[in-house]
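Below is one structure; the comments refer to it alone.
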Amino acid sequence: MNHRRLSLIVTLLALCALPVRAQKTPAHPDPEVVEEMDEYAVVQVYDPIEPVNRVMFKFNDGLYDYVLRPVSKGYTRVVPAPARRGIGNFFDNLRFPIRFVNCLLQGKFARAGRETEKFYVNTIAGLGGFIRISDDVPALTAVPREDTGQTFGVWHIGKGPYLVLPVLGPGTVRDSVGAVGDYFLNPLHWDPKHNIDGYGWEADTGVAATDVVNALPDLLNTYDAPRKDAIDPYIAVRSAYIQYRDAAVKQ
Amino acid sequence: MNPRSFLPFACAASAFAAAAALAVAAEPAVEAHEMLKSAVDEVLAIAYDGQTATTPLALRVRPALEKYFNFATITRRAIGPGWRQFTPEQQARATTLFTDLVIRTYADRFEVGNRPGITYSKAVIPDATKPMLRELPTTIDYAGKKYSVIYRVEQAGDSWRVYDVIIEGVSMIANWRSQLDPIFQKGGAPAVIASLEKNLAQPVVK
């Protein structure tokens, strides 16, 4: 994706996000319907374009079933699990700036330090990040991951409307804008690498495709978990997504 | 969508199924973990050591789940405030159907060969005004990844039973309620029961 297109997306998303600060998710449901001592009646989702989202959800389901799932299956058949794990670890390690910068933006300096330590341990002792050595260091095993969408949450910016984006799936306006921030913080999208001899668009595309395809099996499993056997898969995925992101912001 | 797993139900399911025999504990916060460990071991043994058994896993694991999970509470909370408008017969029917659905759904999540490892953290009393409730945080190590899973348990007579499982911040009860409550709002108890029956009549999605 070139920068001009990205700028357009950022502008559009930012426009969508304008009312987000003012918008508030309904704080409490009708007291009449809240069961006493019941903490479960509070999950509210602002979904003003639900009919459109449902259409997109169906479209994505078809896309996942007929395009991405076969690709994912083929990939897992060809590439053995240890290799997939190593590649996943490598790209995850590479995304260190996203986590580090967002730790700082949230004022979580100790966590930023642990992220840095983790990055160095995995890069140096873990063969460039392919082996996640940090899992053997108790202090580094459970460092909560930060991203730009979470930073906006910590800054008390509202989620905005729930969105189902083509291909990308569930999100909110806040997280979609946050994803743009993450895009720029990801070293894979930094320019200096183009100064490397022989690194052209072909290599760029190959690296990006490897990152995406390698992550597909996990992403699809994650997506399927709430969706499978659900009574209303759309609502099941929406609820899971909102809960997951709320928990991530609180961490 | 955030690329990180927001819902690793599949891997955590084994531990969910295993969750917690927090039985007969005079000092529940202390003894809960020992009991949870025993229960986890018991259910994982059914799921993984008996992989050659011909009986479907949902049937084999059911007695253990019914022993350690309070399905009546789970159903009531999953349906939400509308539960009070169910007749006793409708409540019994909904509980039976929902129990079947939950056991079928999660038994299906066990995967051959991928036995999860579980570590236990200190029990938490989530609300001092509700001493009958505990949260038991665990970390599940599954297929090279670690997931946070919290078991919510409540005292039931002289024992403890699981009433919710929260995987990476996602509550099973809250998720089911988000689906069932709108159905109740539209069509009342008959609609909820019909939706459960319809779902159970469909084959398990692989």
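Residue numbers (this note's numbering), protein chains in the order written: chain C, 1 to 251; chain G, 1001 to 1206. Think of the CB as a built atom: it goes at the ideal place given N, C-alpha and C, for glycine as much as any other residue.
Among the residues of the stretch 80-112 of chain C, those with a Cβ less than 7 Å away from any Cβ of chain G are Arg85, in the order of the chain.
Rounded to whole angstroms, the gap between the alpha carbons of lysine 73/C and aspartate 65/C is 11 Å.
Leaving aside the five residues that flank leucine 163/C on each side, the residues in its chain whose CB is nearer than 8 Å to its CB run, in chain order, Ile49, Asn53, Pro170, Gly171, Thr172, Val173, Ser176.
Between glutamate 115/C and valine 143/C, the C-beta gap is smaller than 8 Å, which places the two residues in contact. Each residue's CA atom was taken as its position, placing asparagine 221/C and alanine 1047/G some 20 Å apart.
In chain order, Met1132 place their CB closer than 6 Å to the CB of glutamine 1155/G, counting only its own chain and leaving out the 5 sequence neighbours on each side. Under the 10 Å beta carbon count, alanine 139/C is surrounded by fewer than 16 other beta carbons and is classified as exposed. With 16 or more other Cβ atoms from the protein chains shown falling within 10 Å of its own Cβ, arginine 1152/G counts as buried. Inclusion of alanine 236/C and glutamine 1091/G in the CB contact set at 8 Å is not warranted, their separation being larger than that value. Under the three-state reduction of DSSP, isoleucine 1167/G is assigned to strand. According to the DSSP secondary-structure assignment, leucine 165/C is paired through a beta bridge with Gly169/C. Contact check for threonine 1119/G against threonine 1138/G passes: the beta carbons are separated by less than 8 Å. Taking the Cβ atoms as the reference, tyrosine 1163/G lies roughly 5 Å from threonine 1073/G, within the contact range of under 8 Å.
One thing to note: alanine 1174/G has its Cβ within 8 Å of the Cβ of glutamine 243/C.
The C-beta of alanine 248/C comes closer than 8 Å to at least one C-beta of chain G. Annotation: the stretch 1084-1117 of chain G contains the following complete segments of the alpha helix (DSSP H) (minimum length 4 residues), in chain order: 1088-1107. Boundaries of the beta strand (DSSP E) around isoleucine 1150/G: 1145-1156. Comparing alpha carbon positions, the residue from Phe59/C, Tyr46/C, Asn102/C closest to valine 167/C is Phe59/C. Per DSSP, arginine 111/C is one residue of the alpha helix (DSSP H) stretching across 109-120.
Contact between arginine 132/C and asparagine 89/C holds, with the beta-carbon distance rounding to 5 Å and staying under 8 Å. Rounded to the nearest whole angstrom, the C-alpha separation of tyrosine 1147/G and threonine 1129/G is 29 Å. DSSP places aspartate 147/C outside both helix and strand once states are collapsed to three, so it counts as coil. Interface flag for threonine 123/C against chain G is unset, since no Cβ pair is found closer than 8 Å. Pairing phenylalanine 91/C with aspartate 204/C gives a Cβ-Cβ distance that is not under 8 Å. Residues Arg1060 of the same chain have their beta carbon placed closer than 7 Å to that of alanine 1053/G, with the five preceding and five following residues left out of the count. Note that the C-beta distance between leucine 1101/G and leucine 1200/G is below 8 Å. For alanine 230/C, the neighbours in chain G by C-beta distance under 7 Å run, in chain order, Gln1179.
Residue range 201-227 is occupied by the alpha helix (DSSP H) that includes aspartate 218/C. When 7 Å is used as the limit between beta carbons, valine 1170/G is near these residues of chain C: Ala240, Gln243, Tyr244, in chain order.
Any Cβ of chain C closer than 8 Å to the Cβ of lysine 1186/G would place that residue at the interface, and such an atom is absent. Put simply, the CB of lysine 1122/G is far from chain C, with every gap to its CB atoms at 8 Å or more.
For the stretch 207-235 of chain C, the residues whose beta carbon sits under 7 Å from a beta carbon of chain G are, in order, Ala215, Asp218, Leu219, Asn221, Thr222, Ala225, Pro226, Lys228, Asp229, Ala230, Ile231, Asp232, Ile235. Of all alpha-carbon atoms in Ser1121/G, Trp1176/G, Leu1196/G, the one lying nearest the alpha-carbon of lysine 1037/G is that of Ser1121/G. Distances from the alpha-carbon of alanine 125/C to those of Gly200/C, Asn93/C, Arg111/C put Asn93/C closest. Taking the Cβ atoms as the reference, arginine 99/C lies roughly 19 Å from asparagine 214/C, outside the contact range of under 8 Å. Residue pairing of proline 1137/G in beta bridges, as defined by DSSP: Ile1150/G.
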